[in-house]
Amino acid sequence: TDDLGCKYVSDDITIDLLNIPLNVDQRQLDSIKCHGNRTGSIEVNIIDGEAPYRFNWTTGLENEKSVNHDTLSSLAAGTYRVTITDNKGCVGVSKPVSIQQPDRLSHLLLNREDPTCYGDADGRIGIYITGGTYPYNYSWSNGMTTALIDSLKAGQYILNITDSFNCSYTTPVFTLTDPELLEMNIQVTGTPANRSEGQIRITPKGGKTPYDVIWDQRIQDFSQFEAFKLEAGTYRIILEDSVSCSLDTM
1 TDDLGCKYVS DDITIDLLNI PLNVDQRQLD SIKCHGNRTG SIEVNIIDGE
51 APYRFNWTTG LENEKSVNHD TLSSLAAGTY RVTITDNKGC VGVSKPVSIQ
101 QPDRLSHLLL NREDPTCYGD ADGRIGIYIT GGTYPYNYSW SNGMTTALID
151 SLKAGQYILN ITDSFNCSYT TPVFTLTDPE LLEMNIQVTG TPANRSEGQI
201 RITPKGGKTP YDVIWDQRIQ DFSQFEAFKL EAGTYRIILE DSVSCSLDTM
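In my numbering, the protein residues as written are 1 to 250.
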């Protein structure tokens with residue numbers, strides 16, 4: 001209406017409800033300490049909006065709550081986000097949250113050395129641990145507690161490893177094997193009294209070839225495995241293999 005009383009009636013005016021995005025804050029609560037576990041959790045908070053809220057997680061879980069926060073737990077490693085809709089239809093979408101996990105505990109075999117000679121205790125096993133979270137604890141089946149163990153006899157050895165979060169891993173069996181026992185067969189040919197016609201022949205067996213024979217210093221005529229022109233008496237013979245394992249007749 002103006003000053004002269006003239007009137008004007010406008011057409012209907014439509015006021016649309018503005019769909020203002022919700023402010024969403026999302027954070028990780030718990031991480032994954034051991035590879036493959038489902039111990040991760042995420043919390044989301046809505047800064048504004050009007051309750052109730054509907055939370056739609058990328059896992060497929062849907063919750064409706066009268067409070068402005070929700071928690072997703074028992075999560076495996078992965079990336080997660082949530083879409084929230086409030087009572088007025090305003091929508092907020094969280095930024096993605098990535099839950100990490102350590103690599104799977106495992107090992108690399110650095111060296112495995114069998115005992116040098118039959119019955120010796122000089123074998124060695126050395127391993128390198130990968131994955132998990134340093135530092136590591138080593139528990140061998142023979143009671144040793146280091147990554148490298150030595151002074152070992154032939155046998156089977158297993159290692160259990162735990163990391164700083166008590167995640168555990170058990171290796172396969174490591175087997176150390178003795179070489180074949182070093183032996184020698186001795187054949188003796190006697191000699192008549194007061195004559196030097198005796199002979200000694202040896203036949204080595206086991207150990208690691210090639211062999212070396214150390215004859216008694218009184219023996220002057222010999223080949224590698226046979227001695228000749230021997231007087232009656234007792235003679236010393238030492239047999240050695242290629243890794244210095246030895247057999248002594250004395």
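Where a beta carbon is used, it is the ideal one built from N, C-alpha and C, also for glycine.
A quick note: this is a predicted structure, and the numbers were derived from the prediction, not measured.
Closest to residue i by CA distance: which of the options is it?
i, options, result
"Met184", "Gly40, Thr249, Trp57, Glu62", "Thr249"
"Arg218", "Tyr138, Ser244, Thr234, Gln100", "Thr234"
"Tyr138", "Thr79, His107, Gly78", "His107"
"Val213", "Glu226, Val173, Cys90", "Glu226"
"Phe174", "Thr146, Asn166, Tyr157", "Tyr157"
"Ser244", "Pro179, Val91, Tyr80", "Pro179"
"Lys88", "Glu50, Asp114, Thr59, Gly60", "Glu50"
"Pro96", "Leu152, Lys229, Glu43", "Glu43"
"Pro52", "Thr189, Val91, Ala76", "Val91"
"Ser151", "Thr203, Ile186, Glu113, Gln187", "Glu113"
"Ile238", "Gly60, Val67, Asp221, Asp216", "Asp216"
"Leu75", "Thr59, Val82, Asn68, Phe222", "Thr59"
"Asn37", "Asn194, Ser246, Arg236, Asn166", "Asn166"
"Ser66", "Thr203, Arg236, Asn45", "Asn45"
"Pro204", "Leu247, Arg236, Asn194, Leu61", "Leu247"
Rounded C-beta distance between residue i and residue j? I'm assuming under 8 angstroms.
i, j, result
"Thr191", "Glu231", "7 angstroms"
"Leu176", "Tyr118", "Not really, about 12 angstroms apart at Cβ, beyond 8 angstroms."
"Leu148", "Gly123", "Going by Cβ atoms, the distance from Leu148 to Gly123 rounds to 12 angstroms, so no, they are not a contact pair."
"Ser31", "Ser73", "At roughly 12 angstroms, the Cβ-Cβ gap does not stay under 8 angstroms, so Ser31 and Ser73 are not in contact."
"Gly131", "His35", "7 angstroms"
"Trp140", "Leu109", "Trp140 to Leu109, Cβ: 14 angstroms. No contact."
"Thr79", "Ser98", "5 angstroms"
"Gln187", "Arg201", "4 angstroms"
"Ser94", "Gln26", "4 angstroms"
On the DSSP bridge list, what partners appear for residue i?
i, result
"Asp91", "Note that residue 91 is Val in the sequence shown, not Asp. Thr85."
"Gln156", "Thr175"
"Glu183", "Lys205"
"Ser168", "Thr162"
"Ala227", "Ile200, Phe222"
"Ile32", "Beta-bridge pairing links Ile32 to no other residue."
"Glu64", "Arg54"
"Arg195", "Beta-bridge pairing links Arg195 to no other residue."
"Gly40", "Leu75"
"Val188", "Ile200"
"Gly126", "Asn111, Leu148"
"Leu247", "Leu239"
Enumerate in chain order the residues of its own chain whose CB-to-CB distance from residue i is below 7 angstroms, with the five nearest sequence positions on each side excluded.
i, result
"Ser242", "Lys208, Thr209, Pro210"
"Ser164", "Thr133, Tyr134, Pro135"
"Ser196", "Lys229, Leu230, Glu231"
"Asn63", "Phe55, Asp70"
"Lys153", "Pro115, Ala121, Gly123"
"Gly155", "Leu176"
Here's a check: name, in chain order, each residue in its chain whose Cβ is nearer than 8 angstroms to the Cβ of residue i, leaving out the five neighbours to either side.
i, result
"Ile161", "Leu105, His107, Ile129, Gly132, Tyr136, Asn137, Tyr138, Ser139, Ser168, Tyr169, Thr170, Thr171"
"Ala77", "Ile32, Gly40, Ile99, Gln100, Gln101"
"Thr103", "The displayed chain sequence assigns Asp, not Thr, to residue 103. Correct list, in chain order: His35, Thr130, Gly131, Gly132."
"Thr145", "Asn137, Tyr138, Ser139"
Among residues of its own chain, excluding the 5 on either side of residue i, which ones have a beta-carbon nearer than 6 angstroms to its beta-carbon?
i, result
"Ile47", "Asn23"
"Thr116", "Asp122, Val243"
"Ile15", "Below a pLDDT of 50, predicted positions are generally treated as unreliable, and Ile15, at 47, falls in that range; no measurement from the model is reported."
"Gln199", "Thr189, Phe228"
"Tyr21", "It should be pointed out that residue 21 corresponds to Pro in this sequence rather than to Tyr. Hits under 6 angstroms: Gly92."
"Thr85", "Arg54, Val91"
"Gly206", "Glu180, Leu181, Leu182, Glu183"
"Phe222", "Trp215"
"Arg81", "Thr58, Ser94, Pro96"
"Thr83", "Asn56, Val93"
Below 7 angstroms, is the gap between the Cβ of residue i and the nearest heavy atom of the ligand GTP?
i, result
"Leu152", "No copy of the ligand GTP occurs in the structure displayed, which carries no ligand at all."
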